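Working notes for the structure below.
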Amino acid sequence: MKHKIGKDCVVVLTGASGGIGRAAAVAFARRGAAIALLARGEKGLDGAAADVAAAGGRALPLSVDMSDGDGVEEAARRVEDELGPIDVWVNVAFSSVLAPFWEIEPAEFERTTRVAYLGYVNGTRTALRRMMPRDRGVIVQCGSAMAYRGIPLQSAYCGAKHAIKGFHESLRTELMHEGSGVKVTMVQMPAVNTPQFDWVLSRLRKRPQPVPPIYQPEVAADALLYAAEHPARREYWVGASSVGTILGNRLAAGLLDRYLARTGFASQHTDEDARPDRPANLWEPADGPSGEDHGSHGRFDDRAHGTSPQLWAGRHKYLVGAATAGAAAGAAAGAARLLRR
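Each residue of the sequence shown is one higher than the one before, starting from 5 at the first, in this note's numbering.
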């Protein structure tokens with residue numbers, strides 16, 4: 005089933021002030037859609053609205069904390085009053101803490117869960133309240149390969165992504181049982197070159213980085229757009245690393261535990277010392293009135309992939325829904341070789 009995104013389409017994007025959400029706003033805007041941009045940071049929202057206008061879309065920036073269910077509901081009311089009925093809702097917003105679990109304060113872990121997991125729940129509930137009576141609409145959850153495979157230093161984030169996956173699967177079966185015309189799908193992302201590694205709360209002594217290989221946010225944005233237009237599938241996998249991680253974990257989870265225990269700390273550190281003035285957007289947005297607009301890209305442009313050659317051609321070029329067991333076996337074999345060194 006295909007849902008065409010065009011000028012008569014109203015899209016809500018959460019986490020739209022930076023990173024994947026910001027890049028997705030541009031992707032949807034190129035189709036001429038009216039886009040509600042939901043995020044906390046006002047400077048980032050202003051920048052995203054300008055990007056949407058330049059790409060040919062209509063923007064409605066709304067400052068809201070996705071952990072605030074009442075605030076999300078009010079934002080949706082404004083969207084439908086000013087733009088019309090919501091056709092597509094895309095959940096992207098998150099925050100996190102980079103640290104070993106025992107260095108994360110209880111309030112910090114709870115805050116991450118409220119934003120990165122319950123923010124998706126709030127957005128989904130609000131969208132369903134409007135879509136189900138109309139018996140149409142699409143909800144896209146921006147996920148991660150870490151919804152399947154936890155890694156060190158990101159226990160709060162991995163826990164939230166695992167929770168979103170379970171929530172998505174439960175909700176999907178409920179909608180199927182009801183025979184609802186509302187569709188939900190999830191897109192599992194690889195490491196992406198976004199500003200998050202300079203604005204999430206970090207207790208690492210070195211500047212953090214995503215675990216390579218790294219992809220540009222436009223790759224993730226195109227995947228979200230494609231999923232919104234083709235929501236019948238339960239989920240999509242983006243990038244060779246996501247395929248290898250997910251399938252490899254199915255075959256050799258214990259082996260990956262040992263591999264990540266050896267490599268997972270170093271692979272998330274650069275050689276640069278952590279900045280003493282680094283922002284932390286867990287409690288307040290890094291792109292608020294006293295901050296700056298960080299855009300969609302992080303500082304890894306020279307290392308990030310703008311395409312994913314192993315994936316489908318044409319409109320499927322960034323998406324993988326199935327892969328051979330050989331890919332997973334190869335990932336597991338590679339991990340085994342590293343462990344024997």
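Heads up, the beta-carbon is just placed ideally off N, CA and C, and yes, glycines get one too.
Being a predicted model, the structure only gives us computed values, none of them experimental.
Check your understanding: How many Å lie between Ala27 and Ile168 at the Cα?
Key -> As a working note, residue 27 is residue 23 in the sequence shown. As a working note, residue 168 is residue 164 in the sequence shown. Looking at the two C-alpha atoms, the distance is approximately 22 angstroms.
Practice item. Taking Ala20 and Ala59 to be in contact with their CB atoms under 8 angstroms, please state how far apart those CB atoms are, rounded to whole angstroms. Key: Stepping through the sequence shown from its first residue, residue 20 is reached at position 16. Stepping through the sequence shown from its first residue, residue 59 is reached at position 55. In this structure Ala20 does not touch Ala59 by the C-beta definition: roughly 13 angstroms separates them, more than the 8 angstroms allowed.
Check your understanding: According to the neighbour-count rule (16 or more other Cβ atoms, all chains shown, within 10 Å of its Cβ), is Pro283 buried or exposed?
Key -> The residue labelled residue 283 in the question sits at position 279 within the sequence shown. Its Cβ being crowded by 16 or more others within 10 Å, Pro283 is buried.
Check your understanding: Considering only C-alpha positions, which residue in the set Asp202, Phe171, Ser174 and Thr311 is nearest to Ile218?
Key -> Mapped onto the sequence shown, residue 218 falls at position 214. Residue Thr311 holds the alpha-carbon nearest to the alpha-carbon of Ile218 among Asp202, Phe171, Ser174 and Thr311.
**Study point:** Glu109 - DSSP class collapsed to helix/strand/coil
**Key:** Taking the first residue of the sequence shown as 1, we reach residue 109 at position 105. Judged by DSSP in its simplified three-state form, Glu109 adopts coil rather than helix or strand.
Review point. For Asp275, which option in His309, Asp297, Pro212 and Ala236 has the closest C-alpha, if you only look at C-alpha atoms?
Key: Residue mapping note: residue 275 aligns to position 271 of the sequence shown, counting from 1. Measuring from the Cα of Asp275, the nearest candidate turns out to be Pro212.
**Study point:** Whole-number beta carbon distance between Glu86 and Leu64, since they are thought to touch under 8 angstroms
**Key:** Indexing the sequence shown from 1 puts residue 64 at position 60. Indexing the sequence shown from 1 puts residue 86 at position 82. Between Leu64 and Glu86 a beta carbon distance of about 6 angstroms is seen, short of the 8 angstroms cut, so the two are scored as contacting.
Check your understanding: How would you call Val14, buried or exposed, if buried means at least 16 neighbouring beta carbons within 10 angstroms?
Key -> Taking the sequence shown and counting its residues from 1, the one referred to as residue 14 is at position 10. Looking at its Cβ environment, which holds 16 or more other Cβ atoms inside 10 Å, Val14 is buried.
Review point. Tell me which same chain residues have a C-beta within less than 6 angstroms of the C-beta of Gly154, skipping the five on either side of it?
Key: Numbered from its first residue, the sequence shown carries residue 154 at position 150. Closer than 6 angstroms at Cβ, skipping near neighbours: Cys162.
**Study point:** For Val188 and Leu175, believed in contact at Cβ under 8 angstroms, the rounded distance
**Key:** The residue you call residue 175 lines up with position 171 of the sequence shown. The residue you call residue 188 lines up with position 184 of the sequence shown. Taking 8 angstroms as the upper bound for CB-CB distance, Leu175 and Val188 are in contact here, some 6 angstroms apart.
Exercise for review: Could you name the residues of the same chain whose beta carbon sits closer than 8 angstroms to that of Asp277, not counting the 5 residues immediately before and after it, in chain order?
Suggested key: For this step, residue 277 is matched to residue 273 along the sequence shown. Excluding sequence neighbours, Asp277 sits near Arg209, Lys210 and Arg211.
Review point. DSSP on Arg319, reduced to helix/strand/coil?
Key: Indexing the sequence shown from 1 puts residue 319 at position 315. Residue placement at Arg319 is poorly supported in this model, since its pLDDT is 47, which falls under 50; the coordinates still yield a value, given next. Note: Arg319 maps to helix in three-state DSSP.
Practice item. Leaving aside the five residues before and after Arg118 along the sequence, list all residues of the same chain whose C-beta is less than 6 angstroms from its C-beta, in chain order. Key: Position 114 of the sequence shown, counting from 1, holds the residue named residue 118. For Arg118, where only same-chain residues beyond five positions count, the Cβ hits under 6 angstroms are Ser71.
Point to revise | Phe304 versus Ala265 - alpha carbon distance | key: Along the sequence shown, read from residue 1 onward, the residue named residue 304 stands at position 300. Along the sequence shown, read from residue 1 onward, the residue named residue 265 stands at position 261. CA-to-CA, the gap between Phe304 and Ala265 works out to about 24 angstroms.
Review point. Applying the criterion that 16 or more other CB atoms from any shown protein chain within 10 Å of the CB defines a buried residue, is His181 buried or exposed?
Key: Locating residue 181 in the sequence shown gives position 177, counting from the first residue. Exposed.
Check your understanding: Can you tell which of Ala29, Gly45 and Arg44 has the C-alpha that lies nearest to the C-alpha of Ala38?
Key -> The residue given as residue 38 occupies position 34 in the sequence shown. The alpha carbon of Ala38 has as its nearest neighbour, out of Ala29, Gly45 and Arg44, the alpha carbon of Ala29.
Exercise for review: Would you mind stating whether Ile90 and Ala160 have Cβ atoms separated by less than 8 angstroms?
Suggested key: Numbered from its first residue, the sequence shown carries residue 90 at position 86. Numbered from its first residue, the sequence shown carries residue 160 at position 156. No, these two residues do not count as a Cβ contact at 8 angstroms.
Exercise for review: Leaving out five residues on either side along the sequence, give the residues of the same chain with a beta carbon under 8 angstroms from the beta carbon of Glu173.
Suggested key: The count along the sequence shown starts at 1 and reaches residue 173 at position 169. Short of 8 angstroms from the beta carbon of Glu173, and not among the five residues preceding or following it, lie these beta carbons of its own chain, in chain order: Arg238.
Review point. Between which two residues does the alpha helix (DSSP H) containing Gly147 stretch?
Key: In the sequence shown, the residue the question calls residue 147 occupies position 143. Where Gly147 is concerned, there is no enclosing alpha helix (DSSP H), although the beta strand (DSSP E) it sits in stretches over Val142 to Ser148.
Practice item. Kindly identify the DSSP beta-bridge partner or partners of Ser67. Key: The count along the sequence shown starts at 1 and reaches residue 67 at position 63. Ser67 is bridged by DSSP to Ala43.
**Study point:** Whole runs of the beta strand (DSSP E) within the stretch 221 to 289, excluding any shorter than 3 residues
**Key:** Taking only runs of at least 3 residues, the beta strand (DSSP E) segments lying wholly in the stretch 221 to 289 are 239 to 241 and 273 to 277.
Review point. Can you list, in chain order, the residues of its chain whose CB lies under 7 angstroms from that of Leu179, leaving out five sequence neighbours each side?
Key: For this step, residue 179 is matched to residue 175 along the sequence shown. Contacts found: Val186 and Val188.
Practice item. Could you tell me whether the stretch 121 to 134 touches the stretch 226 to 234, where touching means 3 or more Cβ pairs closer than 8 angstroms? Key: No contact exists between the stretch 121 to 134 and the stretch 226 to 234.
Check your understanding: Hey, how far is the Cα of Ala2 from the Cα of Ala79?
Key -> Not covered by the structure: residue 2. The range shown for the chain is 5 to 345.
Check your understanding: If we count the other Cβ atoms within 10 Å of its Cβ and call it buried at 16 or more, is Gly23 buried or exposed?
Key -> For the purposes of this step, residue 23 is taken as the residue at position 19 of the sequence shown. So Gly23 ends up on the buried side.
Review point. Considering only residues of the same chain and omitting the five flanking positions on each side of Ile45, which have a CB-CB separation below 6 angstroms?
Key: Counting from 1 along the sequence shown, the entry for residue 45 is found at position 41. Inspection of the sequence shows that residue 45 is occupied by Gly rather than by Ile. Here the set comprises Ser21, Pro289, Asp291 and Gly292.
Check your understanding: Quick one: what does DSSP say Asn95 is sitting in, helix, strand or coil?
Key -> Reading the sequence shown from its first residue, position 91 is the one you call residue 95. Three-state result, Asn95: strand.
Review point. Taking Cβ to Cβ, would you say Val215 is nearer than 8 angstroms to Gln145?
Key: Indexing the sequence shown from 1 puts residue 215 at position 211. Indexing the sequence shown from 1 puts residue 145 at position 141. Between Val215 and Gln145, the C-beta spacing is not below 8 angstroms.
**Study point:** Inter-residue Cα distance where the pair is Val196 and Arg82
**Key:** As a first step, residue 196 is located in the sequence shown; it is residue number 192 there, counting from the start. As a first step, residue 82 is located in the sequence shown; it is residue number 78 there, counting from the start. Here the alpha carbons of Arg82 and Val196 stand approximately 31 angstroms from one another.
Point to revise | Limits of the beta strand (DSSP E) - the one that Arg211 falls within | key: One-based indexing of the sequence shown puts residue 211 at position 207. Unbroken beta strand (DSSP E) run through Arg211: Lys210 to Pro212.
Check your understanding: Can you tell me whether DSSP reads Gln158 as helix, strand or coil?
Key -> Taking the sequence shown and counting its residues from 1, one reaches residue 158 at position 154. Note: Gln158 maps to coil in three-state DSSP.
Practice item. Measure from the alpha carbon of Val142 to the alpha carbon of each residue in Ser100, Leu229, Trp287 and Lys47, then state which is nearest. Key: Taking the first residue of the sequence shown as position 1, residue 142 is located at position 138. Restricting attention to Ser100, Leu229, Trp287 and Lys47, the CA atom closest to the CA of Val142 is found in Leu229.
**Study point:** Residues bridged to Arg207 (per DSSP)
**Key:** As a position in the sequence shown, residue 207 is number 203, starting the count at 1. Answer is none; Arg207 lacks a bridge partner.
**Study point:** Nearest-angstrom Cβ-Cβ length linking Gly25 and Asp297, presumed shorter than 8 angstroms
**Key:** The sequence position of residue 25 within the sequence shown is 21, counting from 1. The sequence position of residue 297 within the sequence shown is 293, counting from 1. Not really, about 13 angstroms apart at Cβ, beyond 8 angstroms.
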